[in-house]
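To start, the structure itself, in structure tokens.
Protein chains: 2
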Amino acid sequence: MTMQVSPTSPAAAAPRWLDADEQRAWRAWLYSSQLLMDRLDRELTHSTGISHAYYEILVALSETPGRMMRMSELADRCLSSRSRLSHAVSRLEERGWVRRQVCEEDGRGQLAVLTDDGFAALEAAAPVHVESVRAHLFDQLTTEQVEQMRVLGETLLRHLNEA
Amino acid sequence: MTMQVSPTSPAAAAPRWLDADEQRAWRAWLYSSQLLMDRLDRELTHSTGISHAYYEILVALSETPGRMMRMSELADRCLSSRSRLSHAVSRLEERGWVRRQVCEEDGRGQLAVLTDDGFAALEAAAPVHVESVRAHLFDQLTTEQVEQMRVLGETLLRHLNEA
DNA sequence: GTAGCGTAGTTGAAGGCTGAACTATTCCGC
DNA sequence: GCGGAATAGTTCAGCCTTCAACTACGCTAC
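Taken in sequence, the protein lines are chains A and B.
Numbering (the numbering used here) for the first sequence: 65 to 227.
Numbering (the numbering used here) for the second sequence: 65 to 227.
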């Protein structure tokens with residue numbers, strides 16, 4: 065693509081197109097992460113009836129003292145918007161896995177609390193999920209690659225969490 | 065978590081839980097890929113009105129001779145289900161960016177064809193997208209890390225595309 | 001104490017995705 | 001050629017996500 069440009073605004077300046085190697089790396093990252101997430105989500109959903117999004121909510125709650133957490137903290141932890149989390153918690157409430165409870169210290173706040181049934185559902189799902197993650201991720205990589213993946217991921221996270 | 069298990073079925077056998085390092089690597093991968101995709105999608109959507117999913121469809125069509133492709137081939141290329149692609153193409157048709165055309169060789173088939181308007185929309189969006197990918201991915205990594213990412217992604221892809 | 005502003009969370013409408021059912025066409029074996 | 005299986009694509013219902021209102025509470029200052 066040839067473009068006639070003025071070098072004023074960042075994206076209007078001559079685009080820094082990807083070269084062939086960069087294209088390959090980008091496609092490999094894009095496809096592999098999409099396919100992997102898809103696979104993990106499907107395996108979990110089909111064998112336990114819990115989507116990965118719901119699973120993350122249950123995990124977050126289970127790791128907290130009292131198995132409860134403020135809605136907005138939970139949303140952050142699950143990389144979810146508040147609206148999305150609110151809907152999701154409503155649906156988990158219908159399943160009897162989570163209940164809402166008003167927050168003592170802050171009248172505006174709500175606590176999401178993991179029920180015993182919810183914890184049991186999580187306990188049942190966890191072995192299935194960890195086996196998927198092993199099979200499709202860790203079992204495919206060398207120890208060095210796992211380390212590279214961690215460093216790479218943490219580098220990107222630092223950047224993405226800035227301002 | 066302690067579990068009483070019979071070593072018969074794969075997931076019923078003692079789960080191969082992740083150790084602390086593996087947890088870190090897994091979380092880093094999970095969060096960074098979610099946040100990165102999210103960011104790229106949002107930047108593209110907000111500045112061009114084209115979601116990343118639509119963008120991928122336009123790119124796939126634009127790279128093909130005649131700027132047309134069979135629906136199912138396009139679905140595979142975009143890691144999309146047929147149903148999803150069918151809906152997406154309908155919506156792109158409404159925007160006048162793609163049109164459907166019956167396939168000569170196979171009466172069951174449909175071709176999705178990129179229109180001139182669709183190509184123009186893609187040309188306008190491409191610089192924005194490449195700049196996002198640079199800013200949030202390539203600019204954050206060393207040359208070695210980009211290479212590692214490629215190898216890692218291609219390794220996972222080989223596994224995920226098996227059977 | 002109350003006005004004004006910010007924060008916490010929910011709701012509703014609109015659009016997108018999924019899986020299953022459906023239509024239409026082609027392929028294969030006889 | 002004809003019947004049955006396979007393939008291509010669409011459609012529908014149900015669920016999920018998003019974005020923009022909206023309610024309710026808390027904080028600060030006058």
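Every residue gets a Cβ at the ideal spot worked out from N, C-alpha and C, and that includes glycine.
Since this is a predicted model, take the numbers as computed values, not measurements.
When C-beta distances to chain B are compared with 8 Å, the residues of the segment 183 to 207 of chain A below that value are GLU187, ALA190, PRO191, VAL192, VAL194, GLU195, VAL197, ARG198, HIS200, LEU201, PHE202, GLN204, LEU205, in chain order.
Taking the beta carbon of TRP81 of chain B as reference, the chain A residues within 8 Å of it are VAL194, listed in sequence order. Per DSSP, ARG134 of chain B lies in no alpha helix (DSSP H) segment; the continuous beta strand (DSSP E) that holds it begins and ends at 132 to 134.
DSSP lists A:VAL177 as the beta-bridge partner residues of ARG163 of chain A.
At a cut-off of 9 Å between beta-carbon atoms, ALA139 of chain A makes no contact with chain B. At a beta-carbon threshold of 8 Å, the residues of chain B lying near ALA89 of chain A are VAL210, GLU211, MET213, ARG214, GLY217, ordered along the chain. Counting only the Cα atoms, SER154 of chain A lies some 11 Å from SER147 of chain A.
ARG91 of chain A sits in a helix when the DSSP states are folded into three classes. For GLU218 of chain B, the enclosing alpha helix (DSSP H) starts and ends at 207 to 225. Under the 10 Å beta carbon count, THR112 of chain A is surrounded by 16 or more other beta carbons and is classified as buried. Inclusion of GLU86 of chain B and VAL210 of chain A in the CB contact set at 9 Å is warranted, their separation being smaller than that value.
Residue environment: VAL166 of chain A is assigned as exposed (fewer than 16 neighbouring CB atoms within 10 Å of its CB, all protein chains considered). In the displayed model, ILE114 of chain B falls within coil according to three-state DSSP, outside both helix and strand. Collapsing the DSSP output to three states places ALA185 of chain B in a helix. LEU100 of chain B and LEU175 of chain B have their C-alpha atoms roughly 32 Å apart.
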